[in-house]
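Numbering-wise, the sequence shown is residues -43 to -1, 1 to 296 according to mature numbering (1 follows the signal peptide of the UniProt record, and there is no 0).
Note that the Cβ used here is the ideal one computed from N, Cα and C, for glycine as well.
On a predicted model such as this, the values are computed, not experimentally measured, just so you know.
The structure appears right after this line, and notes come after that.
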Amino acid sequence: MVSRAGFLKSVFAVTTPQKPCPQKQFIMTVMVTMACSIGAAYAQPVSAATLSTPLEKSAIKYVEFRGDLGLIEGSTIDSESAMRDAHMRLASHDPDALSSGWVAYAALVAADTPEFAKAIQESVATPEAKTAFLARMRMEPRSIRELPGADKAIEAVMMMAARDATKINSLGQSFIDRAYSMQNAAWAKKKLSEGMSRVYEARDYAATRERAGTPVLPAYVSAGVQLPALAQTTDREWQATWSNEEAVPQINPRATPIIDRVLVLAVRYSVGEVTDPVVDGYAKSDQSRRCLNMAMLNFDQCIAATRTAYEEAFCIGEHGLNDVSGCLGWVAGAGEADD
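Right under this line is the structure:
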């Protein structure tokens, strides 16, 4: 049995991960002492917030977005203030952080796939095997796809992407439908404050809102490999099955580089070699980032032109949700496409 604390401490003390960009490397120092029983047959879970890895801290940006979607979906939009809350929540997510957060979260989903984790365990069974395995990954990142469980990891990521995008798209369509029905409601036809003032209000909210704290996952280490145990967390937003929408993912050929980065991050997380520079270098999707920035620009412009709450509902549905569903779901052929 190896505790997650001891696992991370030993790895970061002796291993120098590959640097994808010329940045100063950060070394994680884990100041946690946990007892280990020699010969124990089970892996010990760890829930201390201080053990959160850079990958988990990046993924929380996407998980926080999921949380806002859940709150909006569960709310009754029957007043100007309720509409304002939905607008401000959706406008408060930085496009760059959201796109990188999605990649980071996808890597956790991949690392949590049993078949993939087993293949990694076998690949790092001895110090010599681990050295050779990681060296090859650095030279040939795509070699990770050759692992027996890589296809299952990719399937899990694609299913998560497709279901999430479908859920976001469905919520967006509900706002567009609501925009038409709300034209008969007196409060929704009332003239609002000047459009740009509401855009600036949302930006102020983004700068001052309380953000989610350090993630606490029930991660554990088994046979030298770390698994995030997303299904065991009590926070629904962290679970890969957060969306229960039916979806049939279709891998977009253009997503190959993104999936390669996801798998590399998953492996590095699994063996304790994920650092801030590694996350900065690999947790990125240029297409999603550009798409999300354009969606935010259109969202702001649309809100600025609105005069009533029912017009706001259309902007929220079309740009705050539907556009975003395509920006995040394109890898799996899901969401509202913008070809």
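Item checked: Complete alpha helix (DSSP H) runs within the segment 56 to 129 (minimum length 4 residues, chain order) -> Within the segment 56 to 129, the complete alpha helix (DSSP H) runs of at least 4 residues are 71 to 80, 84 to 96.
Next item on the list: May I have the straight-line CA-CA distance separating Phe271 from Ser150, to the nearest angstrom?
Entry: Counting from one through the sequence shown, the residue named residue 271 turns up at place 314. Counting from one through the sequence shown, the residue named residue 150 turns up at place 193. Distance between Phe271 and Ser150, taken at the CA atoms: about 17 angstroms.
Next item on the list: Taking only the alpha-carbon atoms, compute the straight-line gap between Ser13 and Ala240 and give it to the nearest angstrom.
Entry: Here residue 13 refers to the residue found at position 56 when the sequence shown is read from its first residue. Here residue 240 refers to the residue found at position 283 when the sequence shown is read from its first residue. Just to set this straight, residue 13 is Glu in the shown sequence, not Ser. Answer to the nearest angstrom: the Cα atoms are 11 angstroms apart.
Check: Which stretch, first to last residue, makes up the beta strand (DSSP E) that contains Val281?
Finding: Mapped onto the sequence shown, residue 281 falls at position 324. Note, Val281: premise wrong, no beta strand (DSSP E); alpha helix (DSSP H) at 280 to 286.
Checklist line | Secondary structure of Gln183, DSSP reduced to three states | finding: For this step, residue 183 is matched to residue 226 along the sequence shown. Correct three-state label for Gln183: strand.
Note to self: Measuring only the C-alpha atoms, how far is Asp192 from Gln183?
What the structure shows: For this step, residue 192 is matched to residue 235 along the sequence shown. For this step, residue 183 is matched to residue 226 along the sequence shown. Their Cα atoms are separated by approximately 19 angstroms.
Next item on the list: Report yes or no: do the segment 19 to 33 and the segment 251 to 259 share at least 3 C-beta pairs separated by less than 8 angstroms?
Entry: No, the segment 19 to 33 is not in contact with the segment 251 to 259.
Notebook entry, point to check: Counting contacts by CB-CB distance shorter than 9 angstroms, is Arg41 in contact with chain B?
Noted result: Going by chain labels, chain B is absent from the structure shown, which holds only one protein chain.
Check: In angstroms, rounded to a whole number, what distance separates the CA positions of Val156 and Glu21?
Finding: The residue you call residue 156 lines up with position 199 of the sequence shown. The residue you call residue 21 lines up with position 64 of the sequence shown. Val156 and Glu21 have their C-alpha atoms spaced approximately 21 angstroms apart.
Margin query: Based on DSSP bridge pairs, tell me the residues matched to Val178.
Written below: If you number the sequence shown from 1, residue 178 lands on position 221. Paired residue(s): Gln183.
Next item on the list: Please work out which residues of its chain come closer than 7 angstroms, Cβ to Cβ, to Val224, disregarding the five sequence neighbours upstream and downstream, and give them in chain order.
Entry: Residue numbering aside, residue 224 sits at position 267 when the sequence shown is read from its first letter. Ile77, Met94, Ile101, listed in sequence order.
Checklist line | DSSP-derived helix/strand/coil call for Asn255 | finding: Taking the first residue of the sequence shown as 1, we reach residue 255 at position 298. DSSP places Asn255 in helix when its eight states are reduced to three.
Notebook entry, point to check: Nearest to Ala235 by CA position, among Thr213, Asp51, Val60, Trp144, is which residue?
Noted result: One-based indexing of the sequence shown puts residue 235 at position 278. Note that residue 235 is Val in the sequence shown, not Ala. For Val235, the nearest C-alpha among the options comes from Val60.
Item checked: Endpoints, alpha helix (DSSP H) assigned at Asp35 -> For the purposes of this step, residue 35 is identified with residue 78 of the sequence shown, where counting begins at 1. Counting along the chain, Asp35 falls outside any alpha helix (DSSP H), and DSSP gives it neither H nor E.
Item checked: Identity of the residue in Glu103, Ser15, Gly238, Glu97 nearest Glu72 by Cα -> Taking the sequence shown and counting its residues from 1, the one referred to as residue 72 is at position 115. Each of Glu103, Ser15, Gly238, Glu97 was checked against the Cα of Glu72, and the nearest Cα belongs to Glu103.
Margin query: Suppose contacts are defined by Cβ-Cβ distances below 9 angstroms. Is Val66 in contact with Ala113 by that definition?
Written below: For this step, residue 66 is matched to residue 109 along the sequence shown. For this step, residue 113 is matched to residue 156 along the sequence shown. Cβ atoms of Val66 and Ala113: closer than 9 angstroms.
Next item on the list: State yes or no: is the C-beta of Ser242 within less than 9 angstroms of the C-beta of Ile215?
Entry: To locate residue 242, count along the sequence shown from 1; it is residue 285. To locate residue 215, count along the sequence shown from 1; it is residue 258. Result yes, Cβ atoms of Ser242 and Ile215 sit closer than 9 angstroms.
Note to self: Measuring straight from C-alpha to C-alpha, what distance separates Leu55 and Lys146?
What the structure shows: As a first step, residue 55 must be located in the sequence shown, where it is residue number 98. As a first step, residue 146 must be located in the sequence shown, where it is residue number 189. Between the alpha carbons of Leu55 and Lys146 lies a distance of about 33 angstroms.
Note to self: I need the straight-line Cα distance from Glu202 to Pro84, nearest angstrom please.
What the structure shows: The sequence position of residue 202 within the sequence shown is 245, counting from 1. The sequence position of residue 84 within the sequence shown is 127, counting from 1. In this structure, the CA atom of Glu202 is about 43 angstroms from the CA atom of Pro84.
Check: Going straight from the alpha carbon of Val281 to that of Arg264, what length do you get?
Finding: Within the sequence shown, the letter at position 324 stands for residue 281. Within the sequence shown, the letter at position 307 stands for residue 264. In a straight line, the C-alpha of Val281 is about 23 angstroms away from that of Arg264.
Checklist line | Within the segment 222 to 277, ranges of the alpha helix (DSSP H) (whole runs, at least 4 residues) | finding: Entirely contained in the segment 222 to 277, the alpha helix (DSSP H) runs reaching 4 residues are, in chain order, 233 to 239, 243 to 262, 266 to 272.
Margin query: With a threshold of 8 angstroms on Cβ separation, who are the neighbours of Ala6 within its own chain once the five nearest residues in sequence on each side are excluded?
Written below: One-based indexing of the sequence shown puts residue 6 at position 49. Note that Ala6 scores 39 on pLDDT, short of 50, meaning its location in the model is unreliable; the coordinates nonetheless yield the value given after this. Spatial neighbours of Ala6 in its own chain (CB-CB distance under 8 angstroms, excluding positions within 5 residues in sequence) are listed in chain order as Gly170, Thr171, Pro172, Val173.
Next item on the list: Quick one: grab the DSSP three-state call for Ser131.
Entry: Numbered from its first residue, the sequence shown carries residue 131 at position 174. In this structure, Ser131 counts as helix in the three-state DSSP scheme.
Note to self: Does Asp134 pass the burial test, meaning 16 or more other C-beta atoms within 10 Å, or should it be called exposed?
What the structure shows: As a working note, residue 134 is residue 177 in the sequence shown. A residue is called buried when at least 16 other Cβ atoms come within 10 angstroms of its Cβ; Asp134 does not meet this threshold and is exposed.
Next item on the list: Kindly indicate which three-state DSSP category Asn141 falls into: helix, strand or coil?
Entry: Counting from one through the sequence shown, the residue named residue 141 turns up at place 184. When secondary structure is reduced to three states using DSSP, Asn141 falls in the helix class.
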